[in-house]
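> The structure under discussion is supplied below as structure tokens; questions concerning it will follow.
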Amino acid sequence: MCEEKETTWNHSHLTVPLPLASFFSHTNTNTDMASTTLHSRLSHTRSPVLARQITGNSLTWSRSFAPDRFLPPVSQSSLRVGGSVITCTAGTAPVAAANLAPGTPVRPTSIMVIGATGTLGRQVVRRALDEGYDVRCLVRPRPAPADFLRDWGATVVNGDLSKPETIPATLVGVHTIIDCATGRPEEPIKTVDWEGKVALIQCAKAMGIQKYVFFSIHNCDKHPEVPLMEIKYCTEKFLQESGINHVVIRLCGFMQGLIGQYAVPILEEKSVWGTDAPTRIAYMDTQDIARLTFIAIRSEKVNGKLLTFAGPRAWTTQEVITLCERLAGQDANVTTVPVSVLKFTRQLTRCFEWTNDVADRLAFSEILTSDTVFSVAMNETYELLGVDQKDILTLEKYLQDYFTNILKKLKDLKAQSKQSDFYI
């Protein structure tokens, strides 16, 4: 029987990477290459640590600096934007503080969407464009470019949160960052969701970004045993301590995710995978999330607040499957995976270093063993944002519209197929 390896997750302890933003210097080729630092408030020369200490039911946070041995060697890279060169130097050398002279004001309508190709990100982009925002999307270099974003009218810039030196040039002229990003399934959770986000927040601070919107997970502060949720909570705290004008929005679940998980397999008569857990989730349409997000961005009353967006009702897995069966007019081939099997699989994958990332993502099984409810009363949020609850789409209506449209298309395709048949 193997023993579970000790990791930073077990101790609820995350080390903040070297604050690269504190070493960004801006050199203008039109002013005799005079060099000044972008910002003086992040001039740390050591790597800060956020330590979460749990004593009984209370949480205490401490901020300290890690020893020099944790700092990477000095490295430098330069990015050219127009007539200017932005230089990023990472290392332990002290940096002189300097005040920047006033420059051209950045328009409040200039926004950067991180994670723009994702389920939520693309809806945020569409909503922003519809409301007249100048939208810039940070996208990783990829073989298949995100042309649909350009087709909609957004500007696409290449950058990678796992490579901090690519970030600062993309933020020039940006007023607000909307952070919808999360790491890919094949990546270590900490690479993008912690180290990448810390670098992004530091860059935003150094470059004077006016507002930062961060999407988190509901109840992330209550589940330190789940790596992704613990990281989200630590990122919330780091953003709060950064001093940036920000809004944190915790989410429960996306309606869109249910299509591929339940609706499509039922229509294709394939197995639908579920658990025997009583967990209830208040799914919300990502279009509603995007709409409420921009209302929050425009409201001064929301600055610095923590909001939670949840759908009108919380659903169990079995209730969602039953609803899909009724709307599809056919039974589902349900394969139930006991939560105990998921927990055992997680313990097994912890035995091997090369499967640790899989184990981290299976950690959600720990939450499914109890009567967890991913939902929250939205009355105060609706009042704060001036939104009518009747305007929020219900899951019944969302799935009904989906099945009505898809069944109509299948019927039309079947009719066209019959018309094209030849009989001899």
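Here my numbering = 1-based position in the sequence shown + 57. Note that the Cβ used here is the ideal one computed from N, Cα and C, for glycine as well.
Between the segment 228 to 236 and the segment 169 to 178, can you find at least three pairs of beta-carbon atoms closer than 8 angstroms?
In short, these stretches touch, since the Cβ pair count reaches three.
> Using a Cβ-Cβ cutoff of less than 8 angstroms, which residues in the same chain neighbour Thr379 once the five nearest sequence positions on both sides are dropped?
Counted from its first residue, the sequence shown places residue 379 at position 322. Around Thr379: no qualifying Cβ.
> Thr176 and Thr343 - do their beta-carbons sit closer together than 8 angstroms?
Here residue 343 refers to the residue found at position 286 when the sequence shown is read from its first residue. Here residue 176 refers to the residue found at position 119 when the sequence shown is read from its first residue. Yes. Within cutoff.
> On the three-state DSSP scale, how would you describe Ser299?
As a first step, residue 299 must be located in the sequence shown, where it is residue number 242. Reduced to three states, the DSSP call for Ser299 is helix.
> Just verifying my parser: in three-state terms, what is the DSSP assignment at Tyr269?
The sequence position of residue 269 within the sequence shown is 212, counting from 1. Strand.
> Which residues mark the beginning and the end of the alpha helix (DSSP H) in which Cys260 is found?
One-based indexing of the sequence shown puts residue 260 at position 203. Run containing Cys260: 254 to 263, per the alpha helix (DSSP H) assignment.
> In angstroms, rounded to a whole number, what distance separates the CA positions of Met372 and Gln259?
Residue numbering aside, residue 372 sits at position 315 when the sequence shown is read from its first letter. Residue numbering aside, residue 259 sits at position 202 when the sequence shown is read from its first letter. Contrary to the premise, residue 372 reads as Trp rather than Met in this sequence. If you take the alpha carbons of Trp372 and Gln259, they lie about 38 angstroms apart.
> Just checking, does the segment 304 to 313 make contact with the segment 346 to 361 on the three C-beta pairs under 8 angstroms criterion?
Touching, per the Cβ criterion.
> Is any non-hydrogen atom of the ligand COA found closer than 7 angstroms to the C-beta of Gln180, if you look at the structure I gave you?
Ligands are entirely absent from the displayed structure, and the ligand COA is therefore not among its contents.
> Assuming the contact rule is C-beta atoms closer than 8 angstroms, Met264 and Leu228 should be a hit. Round their C-beta distance to whole Å, please.
Taking the first residue of the sequence shown as position 1, residue 264 is located at position 207. Taking the first residue of the sequence shown as position 1, residue 228 is located at position 171. At roughly 5 angstroms, the Cβ-Cβ gap stays under 8 angstroms, so Met264 and Leu228 are in contact.
> From Glu357, Val181, Thr374, Glu325, pick the residue whose C-alpha is nearest to that of Ala339; which is it?
The residue you call residue 339 lines up with position 282 of the sequence shown. Checked all of Glu357, Val181, Thr374, Glu325; the closest Cα to Ala339 is Thr374.
> So, are the CB atoms of Val163 and Gly230 less than 8 angstroms apart?
Indexing the sequence shown from 1 puts residue 163 at position 106. Indexing the sequence shown from 1 puts residue 230 at position 173. Their beta carbons are under 8 angstroms apart, which means Val163 touches Gly230 by this criterion.
> With a cut-off of 8 angstroms, does the C-beta of Val163 fall near any C-beta of chain C?
Among the chains of the structure shown, chain C does not appear; only one protein chain is present.
> Consult DSSP for Thr286 and reduce its assignment to one of helix, strand or coil.
For the purposes of this step, residue 286 is taken as residue 229 along the sequence shown, with counting starting at 1. The displayed chain sequence assigns Met, not Thr, to residue 286. DSSP places Met286 in helix when its eight states are reduced to three.
> Could you tell me which whole beta strand (DSSP E) segments of length 3 or greater appear in the segment 301 to 325?
Here the runs fully enclosed are 303 to 308.
> Rounded to the nearest angstrom, what separates Ile316 and Gly368 at their Cα positions?
Residue mapping note: residue 316 aligns to position 259 of the sequence shown, counting from 1. Residue mapping note: residue 368 aligns to position 311 of the sequence shown, counting from 1. Each residue's alpha carbon lies about 16 angstroms from the other.
> When you compare each of Pro245, Phe205, Gln446 to Ser219 by their alpha carbons, which one comes out closest?
The count along the sequence shown starts at 1 and reaches residue 219 at position 162. Taking only the C-alpha atoms, the option nearest Ser219 is Pro245.
> Taking the DSSP output, what are the residues bridged to Phe366?
In the sequence shown, counting from the first residue as 1, residue 366 sits at position 309. Phe366 is bridged to Leu308.
> Looking only at its chain, what residues have a beta carbon closer than 8 angstroms to the beta carbon of Gln457, apart from the 5 residues adjacent to it on each side?
In the sequence shown, residue 457 corresponds to position 400, counting from 1. Excluding positions up to five away in sequence, the list reads Leu384.
> Below 6 angstroms CB to CB, which residues in the same chain sit around Glu326 once its five sequence neighbours on both sides are set aside?
For this step, residue 326 is matched to residue 269 along the sequence shown. Answer for Glu326: no residue qualifies.
> Arg370 and Thr451: beta carbons closer than 8 angstroms?
Residue mapping note: residue 370 aligns to position 313 of the sequence shown, counting from 1. Residue mapping note: residue 451 aligns to position 394 of the sequence shown, counting from 1. Closer than 8 angstroms, so yes.
> Does the distance from the C-beta atom of Val444 to that of Leu349 stay below 8 angstroms?
Along the sequence shown, one-based indexing puts residue 444 at 387. Along the sequence shown, one-based indexing puts residue 349 at 292. Yes, the pair counts as a contact, with Cβ atoms nearer than the cut-off.
> If the criterion is Cβ atoms closer than 8 angstroms, does the pair Ala211 and Leu186 meet it?
As a first step, residue 211 must be located in the sequence shown, where it is residue number 154. As a first step, residue 186 must be located in the sequence shown, where it is residue number 129. Their beta carbons are under 8 angstroms apart, which means Ala211 touches Leu186 by this criterion.
> In angstroms with no decimal places, state the Cα-to-Cα distance between Val249 and Arg179.
In the sequence shown, residue 249 corresponds to position 192, counting from 1. In the sequence shown, residue 179 corresponds to position 122, counting from 1. Going by the C-alpha atoms only, they are around 19 angstroms apart.
> Using a threshold of 8 angstroms, state whether the C-beta atoms of Phe311 and Met286 are closer than that.
Indexing the sequence shown from 1 puts residue 311 at position 254. Indexing the sequence shown from 1 puts residue 286 at position 229. No; because the gap between Cβ atoms is not below 8 angstroms, this pair is not in contact.
> Please return the same chain residues whose Cβ sits closer than 6 angstroms to the Cβ of Tyr269, not counting the five positions on each side in sequence.
On the sequence shown, residue 269 is found 212 positions in, with the first residue counted as 1. Excluding residues within five positions, the ones whose Cβ falls inside 6 angstroms are Ile234, Ala261, Ile301, His303.
> Alpha carbon to alpha carbon, how far is Tyr455 from Lys465? Give it in angstroms, no decimals.
Along the sequence shown, read from residue 1 onward, the residue named residue 465 stands at position 408. Along the sequence shown, read from residue 1 onward, the residue named residue 455 stands at position 398. Looking at the two C-alpha atoms, the distance is approximately 16 angstroms.
> To the nearest angstrom, report how far apart Ile288 and His280 are at their CA atoms.
If you number the sequence shown from 1, residue 288 lands on position 231. If you number the sequence shown from 1, residue 280 lands on position 223. Roughly 10 angstroms between the two C-alpha positions.
> Please name the residue or residues paired with Val170 in a DSSP beta bridge.
Position 113 of the sequence shown, counting from 1, holds the residue named residue 170. Answer by DSSP bridge pairing, in chain order: Cys194, Ile235.
> Mind reading off the beta-carbon distance from His275 to Thr365? Whole number of angstroms is fine, and I expect it under 8 angstroms.
In the sequence shown, counting from the first residue as 1, residue 275 sits at position 218. In the sequence shown, counting from the first residue as 1, residue 365 sits at position 308. Right, the Cβ-Cβ distance comes to about 5 angstroms (below 8 angstroms), so this counts as a contact.
> Is Gly216 helix, strand or coil when you go by DSSP?
Working through the sequence shown from its first residue, we reach residue 216 at position 159. It is coil, neither helix nor strand.
> Taking the continuous alpha helix (DSSP H) assigned at Ile352, which residues delimit it?
Along the sequence shown, read from residue 1 onward, the residue named residue 352 stands at position 295. It spans 343 to 355 - the alpha helix (DSSP H) in which Ile352 sits, taken as one unbroken run.
> From the DSSP output, in three-state form, read off Val106 for me.
Within the sequence shown, residue 106 is the residue found at index 49, counting from 1. Reliability of the predicted coordinates at Val106 is poor, the pLDDT of 43 falling under 50, and the value obtained from them is presented with this limitation in mind. Three-state DSSP puts Val106 in a strand.
> In angstroms with no decimal places, state the Cα-to-Cα distance between Val391 and Ser328.
Stepping through the sequence shown from its first residue, residue 391 is reached at position 334. Stepping through the sequence shown from its first residue, residue 328 is reached at position 271. Rounded to whole angstroms, Val391 to Ser328 spans 6 angstroms at the Cα level.
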